[in-house]
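Asker: Numbers in the numbering used here are just positions in the sequence shown, counted from 1, shifted up by 257.
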Amino acid sequence: SDPQRRWLAVCFGMGFQELRPEALESQFGLKVALNRLGRERIKSIDTRRPEDSTIQTRSQNSRIGQIFDFGVDTSSIILQAITGKSGDEAFGGTLTGSDGLKLSCEVDYDGIDDKGLTIINSFNDSAYQELFPWYGKITPIRDRSRVDELNQNLVARLQNGQLDGIHLAPPEIIDYHNVDRFKFSGSSRADAFDDLRLSDYLALFDGEHVITLADMKSDKVRVAGDDGPFHDRWSVFKCLCAEVQFDDQFHILASDEWYVLKDDFVATVNAAMAEIPLAALQLPFYTAGEKEGDYNARAVNAQAGMYLYDKNLVNFEGERGRVEFCDILTGGRQLVHVKRRSKSQTLSHLFLQGQVSAEAFLDHPPLRAQIREAMPAIVGIIPAERPNPADYEIVYALLHEGNPTLPFFSKVALMSISKQLRRISYGVSLLWVGLAQANPV
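Printed below as a string of C-alpha cells:
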C-alpha cells in the first residue's frame, strides 16, 4: 500500500491504550523488526503454542543470535514479539516488534515524517519471507470484521447441518476421573450427557429457534462428577472447535480465537501425518461414559501379554516433573498412552507426555528400577541397563466416537514430537479405538 496514505500513531507512555484495536495493522511491528533485524541479531522472543492461547513464553539469549539458538520448534509456535539489535543504528539501535514497534533513536520533530515513511517502507518490505520462511504459517486473526465474517459463516454451517470439521471439546485439560457428566445451560431439558458432543447441544434447538452466535456465547457448559452438583464451567462457544475452508483459505477456531494457515504448511503437516503408521495392536472397543482408567484395566484383562501401569504404580520425578511411564505395556515392547480424542491442548499434552516418558525411560535407571519392581513379570521386557530405543514403540491410543481424525494443531504437535522420538530410534504409531455400539463385533 502507498506509505503516503498510511497513518502512523506515535505513542508516549501509556498512550497506546487509547488506540482502537480494530484500527491497528496486525503484526505491524513484527514485520518491521524481522525485516530490520535479519537472521542473526535476535535477543529475545515471545512465543505461544496455537492450542493454548493463555500461556506465552519469553526466551532470552545472553547474546544476540539466530531464532534457532532459542531451541524453539518453529513449526509449532506463533511468534508474538521479537527484540534484537538493528544493523542500522540510524534506524534504531534496539527494536521490539509485536503489533506495535518500539525503537530507540534520535529524531527531531521535523524528522518524524521521514522516520515514519522509513518505518512503513520497512513494513512493506518482503525480505522477512526469505529470512524467516516459517513465519506466518499460523497467523491469529485480529481483524474484527474478518472474525465477524468467520463467525457468521460458522453459524450458517451449524444452522444448515454442515458439521464436517466442527466439534465440541473442553477448552482446557480436565481429569475425566473427576468429571463424568455434562449439561448445557439455557435449556429446560434436564438431560445430562457422559461426554461433550455438538450433536447433543444442537438437539436443544428446534424449528422455532435456530442457533445463533449469541446463544453459543451465553449458553454454558455445566460439569459434574461423582454424583456431585453441576456448575458452569465454560461458554459453549469457548468449547467450539472448527476447521473450515473460507475464501479459499484454511481457518481454525480454537479456544475462542480464529487462525488462518498457509496452504503449503497444511500440506506439509498432512504429509508428515501420513508417515505415522497405525499400530499393529488390538484393543477392545470402549463404552460410552467409560473412564480411561476403567478402560485401561478392562483392556489389559481382556488379553494376555499386556500390563497395566496406571499413574499410581510408578511415581518418578524427572527433570520436567512427574513421569507417567505409560498406561499399558505390551509384551511386544509397546508403550501405550491412552486418551479420549478431545481438544488440541489435551492431545498435545498426551503426545508430550509420551515423549517425556520415552526420554526418561532411556536416561534414568531409577525409573527403570521402579518399573521392574512394580511388576516383576516384565523384567525381561524392561532391562536394568540402558535399553535400545529401536526395540520399543510409542503408541498413542485415542478413544473416539466415530471421528478418527486429529485436530490440526494436534497434528502439528504430533509431527514435531514423532520426529524427535524417531530421531532417537523409537517407533511411533497411532491407534484409534471406537465405541462398542458403533462398531459391533
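Don't be surprised by glycine CBs; every beta carbon is placed ideally from N, CA and C.
Round the Cβ separation of L358 and G286 to the nearest angstrom and send it over; I've been treating them as touching at under 8 Å.
Answerer: About 3 Å; that satisfies the 8 Å criterion.
Asker: Could you pull the start and end residues of the alpha helix (DSSP H) that Y458 belongs to?
Answerer: Unbroken alpha helix (DSSP H) run through Y458: L455 to L459.
Asker: Do I299 and F334 come within 8 Å of each other at the CB atom, strictly closer than that value?
Answerer: According to the sequence shown, residue 334 is Ile rather than Phe. No, they are not a contact pair.
Asker: So what's N696 in DSSP terms, helix, strand or just coil?
Answerer: Any reading at N696 needs caution, since the residue's pLDDT is 40, under 50, leaving its predicted position unreliable; the model's value is listed next. Three-state DSSP puts N696 in coil, outside helix and strand.
Asker: Have a look at D303, L592 and L604 and flag the residue whose alpha-carbon is nearest the alpha-carbon of I639.
Answerer: Answer by Cα proximity: L592.
Asker: Starting from S316, trace the beta strand (DSSP E) in both directions and tell me its first and last residue.
Answerer: Run containing S316: T314 to G322, per the beta strand (DSSP E) assignment.
Asker: Going by alpha carbons, who is nearest to D699 out of F348, Q386 and A481?
Answerer: The displayed coordinates of the chain run from 258 to 698. Any statement about residue 699 would go beyond what the structure contains.
Asker: Measure the C-alpha to C-alpha separation of E658 and K342 and round it to an integer number of angstroms.
Answerer: Their Cα atoms are separated by approximately 52 Å.
Asker: Compare the Cα-Cα distances from K474 to each of S682, L497, F269 and A529 and report the closest residue.
Answerer: Out of S682, L497, F269 and A529, L497 has the C-alpha closest to the C-alpha of K474.
Asker: Does the beta-carbon distance from F608 to P644 come in below 8 Å?
Answerer: No.
Asker: Following the continuous beta strand (DSSP E) through C210, name the residue where it begins and the one where it ends.
Answerer: In the structure as shown, the chain starts at 258 and stops at 698, and residue 210 therefore has no counterpart that could be examined.
Asker: With distance defined between alpha-carbon atoms, name the residue in Q409, Y552 and G562 nearest to F494.
Answerer: If we check each option's Cα against that of F494, Q409 comes out closest.
Asker: In the DSSP assignment, find the beta strand (DSSP E) that holds F618 and state where it starts and stops.
Answerer: No beta strand (DSSP E) contains F618, which is instead part of the alpha helix (DSSP H) from S601 to D620.
Asker: State the start and end residues of the unbroken alpha helix (DSSP H) segment that holds A200.
Answerer: Because the chain is modelled from 258 through 698, residue 200 falls outside the range shown and cannot be assessed.
Asker: With the cut-off set at 8 Å, would you say Y433 and K548 are in Cβ contact?
Answerer: Result yes, Cβ atoms of Y433 and K548 sit closer than 8 Å.
Asker: Taking 8 Å as the cut-off, does the segment 507–515 touch the segment 462–471 (at least 3 CB pairs, one atom from each stretch)?
Answerer: Contact between the segment 462–471 and the segment 507–515 is absent, because fewer than three Cβ pairs lie under 8 Å.
Asker: Confirm, please, whether the CB-CB distance from V412 to L453 is below 8 Å.
Answerer: Cβ atoms of L453 and V412: not closer than 8 Å.
Asker: From L360 to G328, what distance separates their C-alpha atoms?
Answerer: Each residue's Cα considered, the two are about 26 Å apart.
Asker: Could you compute how far the alpha carbon of A481 sits from the alpha carbon of A338?
Answerer: Rounded to whole angstroms, A481 to A338 spans 39 Å at the Cα level.
Asker: I need the DSSP call for P644, collapsed to helix, strand or coil.
Answerer: It is coil, neither helix nor strand.
Asker: Looking at L570 and A654, is the spacing between their C-beta atoms short of 8 Å?
Answerer: It is not a contact, given that the beta carbons lie outside the stated cut-off.
Asker: Shortest alpha-carbon distance to D504 belongs to which of N660, K519, E363 and S492?
Answerer: With distances taken between Cα atoms, D504 lies closest to K519.
Asker: So, with DSSP's three-state summary, where would you put R305?
Answerer: R305 falls in the strand class under three-state DSSP.
Asker: Nearest-angstrom Cα distance between T525 and E650?
Answerer: So the alpha carbons of these two residues sit roughly 24 Å apart.
Asker: What are the start and end residues of the alpha helix (DSSP H) that includes L415?
Answerer: Counting along the chain, the alpha helix (DSSP H) containing L415 begins and ends at R401 to Q416.
Asker: Any idea which residues DSSP pairs Y564 with across the strands?
Answerer: Per DSSP, L586.
Asker: Is the beta carbon of S456 less than 8 Å from the beta carbon of D489?
Answerer: Not in contact: S456 and D489 (Cβ atoms no closer than 8 Å).
Asker: Please state whether DSSP places G373 in a helix, a strand or coil.
Answerer: Residue state, collapsed to three classes: helix.
Asker: Exposed or buried, M672, counting other C-beta atoms within 10 Å across all chains shown (16 or more means buried)?
Answerer: The residue is buried, with at least 16 neighbouring Cβ atoms inside 10 Å.
Asker: For I377, is the classification buried or exposed, using 16 other Cβ atoms within 10 angstroms of its Cβ as the cut-off for buried?
Answerer: Under this definition I377 is a buried residue.
Asker: Measure the Cβ-Cβ separation of V267 and F380 and say whether it is below 8 Å.
Answerer: Their beta carbons are not under 8 Å apart, which means V267 does not touch F380 by this criterion.
Asker: Starting from L711 and walking both ways along the alpha helix (DSSP H), at which residues does that stretch end?
Answerer: With the chain covering 258 to 698 only, the question about residue 711 has no answer from this structure.
Asker: Secondary structure at V699, three-state DSSP: helix, strand or coil?
Answerer: No statement about residue 699 is possible, as the shown extent of the chain runs from 258 to 698 and does not include it.
Asker: How many angstroms separate the CA atom of H508 from the CA atom of I302?
Answerer: Roughly 25 Å between the two C-alpha positions.
Asker: If I'm right that L656 touches Y543 with Cβ under 8 Å, what's the distance once you round it to whole angstroms?
Answerer: Yes, they are in contact, since the Cβ atoms of L656 and Y543 sit about 5 Å apart, within 8 Å.
Asker: Please name the residue in S686, L294, T353 and D326 whose C-alpha comes closest to that of P534.
Answerer: Residue S686 is the option with its Cα nearest to P534.
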